[in-house]
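In the UniProt record's numbering, the protein residues as written are 1 to 295.
For every residue, glycine included, the Cβ atom is placed at its ideal position computed from N, Cα and C.
No experiment lies behind these values; they were computed from the predicted model shown.
Remarks on the structure that follows.
As C-alpha cells, then:
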C-alpha cells in the first residue's frame, strides 16, 4: 500500500506562503536555487558549478548518485572560505558523454573542478566519497583535509538493496511520472518526516530538479563498480580525514565507513546510531564538519 500520494494533500502544512490566507497549506517552499554556470574542462565534459563564499581556504564538495548541488550545499553551511559545488557528469546540466563511465571518470570530474577552483580541501558524500577515494589513489597528497560522508563502496560493490534503489530511481526519472518518482524519492526521508511540511518541501525540491534535468541512464553502470581494487593504496594519504557513517543505513553500511577510516593513516571516525542524520542530527553534523575543516 502506498504510504502517501502525489500531488501533496491540499491542506498539508502551515500557511507559510501562497496567494494569501486562502492559499493551500503546502508547507514552507524550498529556497530558490542560485544561478549556476557551466565550465569547460580539459577532458571535454562541461560541468555545472556553483561557487559561494569568499577567501581561502577553498573546499570542493562532491555529491552522491542522483543528488547534486542543492542537496550538498547544507554540508558547507558552516565551512569558512570559498565553497565549490558541482554536478558530476550525467547530473543536472552537466554533460552526459558516451559511456560506459567509471569511478576514474568521476575522479577526473572532481579533480578538474578542484583544480579550476584552487581547492585544497575536499568533501565527498556517497558516490562523491568513492570518486574522492579514486582520486586519492592516483594523487594521495592532492588535498590538505578530507571529509567522507556515508561512503557507499570501496573495494566491494554496493549491496543488492542499494543497486535496486538506484535502478528504481533511474527508471522513475526516465518515466517522467511525478507520482512514481515521489514514491521512490520519499524513501530518502525518515518515516517520521515523510508527511510533514519539511518533508514535502524537500520532496518538491527534489522532484522539481529531477524532472527538469533528469539523470543520465549511464549512471546505472556505476552501481556495479568499485572505486578501488585494494584499500591499501590509501596508505599514502597523509591529510587528516573525517569519516562519517550511520548504523542501520542500507545504502551506506557503517562497515564501509569503518573500513575507509582504517585504511586512511590519519582518520577520525564518527558513526551515528541511526540513519537520516540530515534530519535528526543536522546541527551536530554541521558543527562536526565545519569544526573539522575550520579547525
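Burial of residue 186 is indicated by the presence of at least 16 other C-beta atoms within 10 angstroms of its C-beta. Inter-residue distance for residue 137 and residue 240 is about 16 Å (C-alpha atoms, whole angstroms).
In this structure residue 59 does not touch residue 112 by the C-beta definition: roughly 16 Å separates them, more than the 8 Å allowed. For residue 271, the enclosing beta strand (DSSP E) has its first and last residue at 267-272.
Of the residues assessed, residue 267 falls on the buried side of the cut-off, its CB having 16 or more other CB atoms within 10 angstroms. Within the segment 177-203, the complete alpha helix (DSSP H) segments at least 4 residues long are 178-185, listed from N- to C-terminus.
With respect to residue 157, residue 256 sits apart: the two C-beta atoms are not nearer than 8 Å. Rounded to the nearest whole angstrom, the CA to CA distance from residue 95 to residue 89 is 5 Å. The DSSP assignment places 241-246 as complete runs of the beta strand (DSSP E) inside the segment 220-254, in order along the chain (cut-off: 3 residues).
Secondary structure at residue 37: strand, using DSSP grouped into helix, strand and coil. For residue 122, the enclosing beta strand (DSSP E) covers residues 121-125. Shown here, residue 49 sits in a strand according to DSSP, grouped into three states.
Contact between the segment 174-185 and the segment 218-227 is absent: fewer than 3 CB-CB pairs across the two stretches fall below 8 Å.
Within the segment 129-171, no run of alpha helix (DSSP H) reaches 4 residues while sitting entirely inside it. The beta carbon of residue 249 is closer than 6 Å to those of 275 in its chain, skipping five residues each way along the sequence.
Collapsing the DSSP output to three states places residue 71 in a helix. Annotated three-state conformation of residue 62 is strand, per DSSP. In the three-state scheme derived from DSSP, where H, G and I count as helix and E and B as strand, residue 215 is classed as strand. The beta carbon of residue 102 lies closer than 7 Å to those of 225 in the same chain, with the five residues before and after it left out. Boundaries of the alpha helix (DSSP H) around residue 277: 277-280.
The Cβ atoms of residue 125 and residue 227 do not sit closer than 8 Å to each other.
Beta-carbon to beta-carbon, residue 48 and residue 117 are separated by about 13 Å, too far to satisfy the 8 Å threshold. The residue among 79, 236, 74, 130 with its C-alpha nearest the C-alpha of residue 64 is 130. Distance from the Cα of residue 293 is smallest, within the candidate group 135, 79, 171, for 79. Linking residue 120 to residue 168 through their CA atoms gives a straight-line distance of about 36 Å. Between residue 229 and residue 81, the alpha-carbon positions lie close to 34 Å from each other. The beta carbons of residue 282 and residue 270 sit no closer together than 8 Å. In this structure, DSSP gives residue 85 an extended state, which the three-state scheme calls strand.
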